[in-house]
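Below is one structure, written out as structure tokens; the observations come after it.
Number of protein chains: 2
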Amino acid sequence: MLRANTVTIVGAGLIGGSIGLALKQRKLAAHVIGVGRQAASLRQAKQGGAVDQTTTDLAKGVRRADLVVVCTPVDTIAPLVRQVAAACPPRCLITDAGSTKAPLVEQLKADLPSGARFVASHPLAGSEQRGPEHAQADLFQNRVTVVTPTRSTRAQDLNEVTRFWQALGAEVIRMSPEAHDRALARTSHLPHLAAAAIASATPRRYAPLVASGWRDTTRVAAGDPELWRQIMQSNREELLASLEVLQDELAAWHTALEQDDSRKLLQLLAKAKRTRDALGN
Amino acid sequence: MLRANTVTIVGAGLIGGSIGLALKQRKLAAHVIGVGRQAASLRQAKQGGAVDQTTTDLAKGVRRADLVVVCTPVDTIAPLVRQVAAACPPRCLITDAGSTKAPLVEQLKADLPSGARFVASHPLAGSEQRGPEHAQADLFQNRVTVVTPTRSTRAQDLNEVTRFWQALGAEVIRMSPEAHDRALARTSHLPHLAAAAIASATPRRYAPLVASGWRDTTRVAAGDPELWRQIMQSNREELLASLEVLQDELAAWHTALEQDDSRKLLQLLAKAKRTRDALGN
Chain A
62 MLRANTVTIV GAGLIGGSIG LALKQRKLAA HVIGVGRQAA SLRQAKQGGA
112 VDQTTTDLAK GVRRADLVVV CTPVDTIAPL VRQVAAACPP RCLITDAGST
162 KAPLVEQLKA DLPSGARFVA SHPLAGSEQR GPEHAQADLF QNRVTVVTPT
212 RSTRAQDLNE VTRFWQALGA EVIRMSPEAH DRALARTSHL PHLAAAAIAS
262 ATPRRYAPLV ASGWRDTTRV AAGDPELWRQ IMQSNREELL ASLEVLQDEL
312 AAWHTALEQD DSRKLLQLLA KAKRTRDALG N
Chain B
62 MLRANTVTIV GAGLIGGSIG LALKQRKLAA HVIGVGRQAA SLRQAKQGGA
112 VDQTTTDLAK GVRRADLVVV CTPVDTIAPL VRQVAAACPP RCLITDAGST
162 KAPLVEQLKA DLPSGARFVA SHPLAGSEQR GPEHAQADLF QNRVTVVTPT
212 RSTRAQDLNE VTRFWQALGA EVIRMSPEAH DRALARTSHL PHLAAAAIAS
262 ATPRRYAPLV ASGWRDTTRV AAGDPELWRQ IMQSNREELL ASLEVLQDEL
312 AAWHTALEQD DSRKLLQLLA KAKRTRDALG N
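Just so you know, the sequences run in chain order A and B. Quick note, the first sequence lines up with residues 62 to 342 if you use our numbering. Quick note, the second sequence lines up with residues 62 to 342 if you use our numbering.
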């Protein structure tokens with residue numbers, strides 16, 4: 062997609078607002094419509110220039126859309142996509158920005174109207190912040206967006222969704238919903254869980270003794286609890302498997318410390334550094 | 062201490078180099094001498110303006126010092142403080158910048174020359190980077206430095222070391238070496254261990270799917286393995302106790318996920334967010 066006439070964003074928070082800003086700034090859409098439940102949030106998105114028009118009426122908001130992007134919490138995406146599909150023009154392309162994909166495509170497999178053009182997406186962007194006031198036009202620039210086609214996805218729809226994210230500056234990777242969820246359990250959901258556990262393991266009285274290491278390691282734990290509950294629960298089995306891998310790692314550390322094993326501790330630290338250096342930047 | 066004539070920094074890396082830069086920039090010392098084993102590193106510290114003179118001869122480097130700061134890896138601090146005390150003028154004040162304190166003061170208790178003026182310190186500053194090329198004059202500005210007096214520490218020595226760190230911009234907190242090590246196990250050493258375990262739990266093939274959450278959570282794991290092995294091993298018992306607290310936290314997460322318990326997951330996430338919000342910034 063390059064130059065759609067009307068794009069409707071359902072859920073004008075950090076992600077939705079950033080999509081709107083990027084569309085406007087790159088002149089990729091003539092009209093950007095923001096749909097949401099909270100009038101205050103919609104007003105803020107409009108004032109910030111992320112959307113041209115707003116409405117709390119979903120059917121009205123998607124009636125003339127060429128593209129609809131659902132950017133709401135994970136648990137609400139499937140029902141909203143159904144409502145969008147029932148109310149938008151037949152040619153309208155629908156995607157989303159949810160953090161888990163397999164349960165979503167599974168829920169939608171059976172009951173989307175035949176011919177509905179839905180392809181699931183996950184832009185790997187965002188932060189512990191929320192709301193359109195934190196939206197940024199370059200949020201997707203040089204970041205990965207995963208697009209997760211299924212067997213029933215049409216090539217044309219997949220290509221259009223791919224071009225949409227690329228037009229926002231993203232690098233698009235295609236994977237199955239299941240492969241996505243397995244990988245993200247390890248690269249996103251497990252780090253969030255662990256950051257939360259480390260934060261909770263810190264007594265409040267130690268506040269003055271917290272430095273940048275603690276702050277970096279626990280940063281994501283400031284994220285919205287209900288959003289993350291939904292993400293974790295919707296990827297429960299993969300997250301459990303990942304948690305068990307972490308628990309095994311920590312058991313190896315425990316043994317090394319208990320045995321005062323210099324060689325093993327150095328090995329564990331060196332292995333972690335190699336992975337961090339290879340994957341981080 | 063404000064306006065010493067000669068300050069000698071033993072170990073001109075990130076911390077030592079930053080102390081030198083701060084001393085020079087704030088005009089707190091007429092001469093700053095860098096002592097180290099690696100000529101290349103010393104040259105870099107001098108070129109960067111962190112020290113005025115350099116030497117690989119410790120005795121020569123401290124011979125006229127009013128203050129010596131030992132900024133070397135944890136395991137080397139006690140023997141170096143002994144050597145400094147044997148070679149420096151009787152009035153010279155000695156401190157350090159090591160990440161653990163109880164084993165250091167224990168090692169030095171018996172065998173410092175009587176009258177030696179040593180007070181242990183730990184500036185909570187630094188990063189996963191190393192070397193004088195990463196030194197910054199404002200590294201200690203508005204950061205905490207913990208000073209850990211013992212029963213035999215003289216009030217005057219404690220006050221001078223306190224004023225030294227304050228002169229570099231630090232906020233000084235005084236605690237016993239044991240209380241320091243107990244707290245830092247939780248606020249620094251455990252987060253490092255956990256970050257390393259999370260990094261190691263990430264298969265390399267997931268590199269393209271790593272985003273800012275993973276990078277923040279694992280950042281400190283890029284630190285130098287041998288430095289951190291020494292820190293962890295010198296605080297082994299407190300770190301083991303902290304690790305067990307984390308393992309219990311993770312066991313609670315495991316149960317909540319296994320039982321698909323929405324309420325408990327939300328509780329765990331909300332508790333972590335409260336702590337992160339209270340302690341981070």
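From the three backbone atoms N, C-alpha and C, an ideal C-beta is built for every residue, glycine too.
query                                                                                                                            : result
Pairwise C-alpha distance: Pro-134(A) and Leu-288(A)                                                                             : 6 Å
Beta carbon of Leu-304(A) nearer than 8 Å to that of His-315(B)                                                                  : yes
Test: Ile-80(B) CB closer than 8 Å to a CB of chain A                                                                            : no
Supposed close pair Gly-263(A), Thr-117(B) - CB separation, criterion 8 Å                                                        : Sequence inspection shows Thr at residue 263(A); the Gly mentioned does not correspond to that position. That belief does not hold up - the Cβ atoms of Thr-263(A) and Thr-117(B) are roughly 41 Å apart, past 8 Å.
Range of the contiguous alpha helix (DSSP H) that encloses Val-123(A)                                                            : 119 to 123
Coil, strand or helix - Phe-179(A) by DSSP                                                                                       : strand
Option nearest Ala-163(A) by Cα separation, candidates Ala-126(A), Thr-209(A) and Cys-153(A)                                     : Thr-209(A)
Residue span of the alpha helix (DSSP H) that contains Gln-308(B), given as start and end                                        : 297 to 319
Contacts that Gly-341(A) makes with chain B (C-beta to C-beta distance below 9 Å)                                                : Ala-260, Val-271, Trp-275, Arg-276, Thr-279, Arg-280, Ala-282 and Ala-283
Closest by C-alpha distance to Leu-119(B), when choosing among Ile-94(B), Ser-175(B), Trp-275(B) and Asp-321(B)                  : Ile-94(B)
Selected residue, minimal CA-CA separation from Gly-97(B), among Gly-109(B), Thr-69(B) and Arg-324(B)                            : Thr-69(B)
Where Leu-75(A) falls: helix, strand or coil (DSSP)                                                                              : helix
C-beta atoms of Arg-87(A) and Ala-186(A) nearer than 8 Å                                                                         : no
For Ala-154(A): DSSP bridge partner residues                                                                                     : Residue 154(A) is actually Leu in this sequence, not Ala. In DSSP, Leu-154(A) forms a bridge with Leu-128(A) and Arg-178(A).
Rounded separation between Thr-137(A) and Asp-157(A) - CA only                                                                   : 11 Å
8 Å Cβ cut-off: residues of chain A touching Thr-263(B)                                                                          : Arg-247, Thr-248, Thr-336 and Leu-340
Beta-carbon contacts of Arg-243(A) that lie in its chain and below 7 Å, excluding the five residues immediately before and after : Glu-299
Residues sharing a beta bridge with His-92(A), DSSP                                                                              : Thr-67(A)
Beta-carbon neighbours of Ala-244(A), restricted to chain E and to distances below 7 Å                                           : The chain labelled as chain E is not found among the protein chains of the depicted structure, namely A and B.
Proximal residues to Ser-79(A) (C-beta, below 6 Å), its chain only, five neighbours per side dropped                             : Ala-196, Gln-197 and Leu-200
Within 8 Å, strictly: CB atoms of Leu-245(A) and Leu-307(A)                                                                      : no
Nearest residue (CA-CA) to Pro-193(A), options Leu-330(A), Gly-110(A), Ala-283(A) and Thr-67(A)                                  : Gly-110(A)
Backbone secondary structure at Arg-235(B) - three-state DSSP                                                                    : strand
Lys-332(A) versus Arg-235(A): straight-line alpha-carbon distance, rounded                                                       : 29 Å
Short CB-CB distance (under 8 Å) between Pro-286(B) and chain A                                                                  : yes
Endpoints, alpha helix (DSSP H) assigned at Gln-114(B)                                                                           : Unbroken run through Gln-114(B) is the beta strand (DSSP E), 114 to 116; no alpha helix (DSSP H).
Pro-164(B), DSSP secondary structure in three states                                                                             : helix
Sub-8 Å separation of Ala-73(A) and Leu-103(A) beta-carbons                                                                      : yes
Cross-chain neighbours of Ile-234(B) in chain A, by beta carbon under 9 Å                                                        : Pro-269 and Leu-270
Cβ pair Thr-278(A), Ala-256(B) closer than 8 Å                                                                                   : yes
Contact set between the region 295 to 310 of chain A and chain B, restricted to residues whose Cβ is under 9 Å from the partner  : Arg-297, Glu-298, Leu-300, Leu-301, Ser-303, Leu-304, Glu-305, Val-306, Leu-307, Gln-308, Asp-309 and Glu-310
Straight-line gap, Ala-146(B) to Ile-155(B) (C-alpha atoms, nearest Å)                                                           : 8 Å
Residues near Cys-132(A) in its chain [Cβ-Cβ closer than 8 Å; skip 5 each side]                                                  : Ile-70, Val-71, Gly-72, Ala-73, Gly-74, Ile-76, Gly-77, Ile-80, Asp-157 and Ala-158
Val-166(A) and Ala-181(A) closer than 8 Å at C-beta                                                                              : yes
Cross-strand partners of Thr-278(A) (DSSP beta bridge)                                                                           : Paired residues: none, contrary to the question.
6 Å Cβ shell around Thr-67(A) - same chain, five flanking residues per side excluded                                             : His-92, Arg-125, Ala-126 and Asp-127
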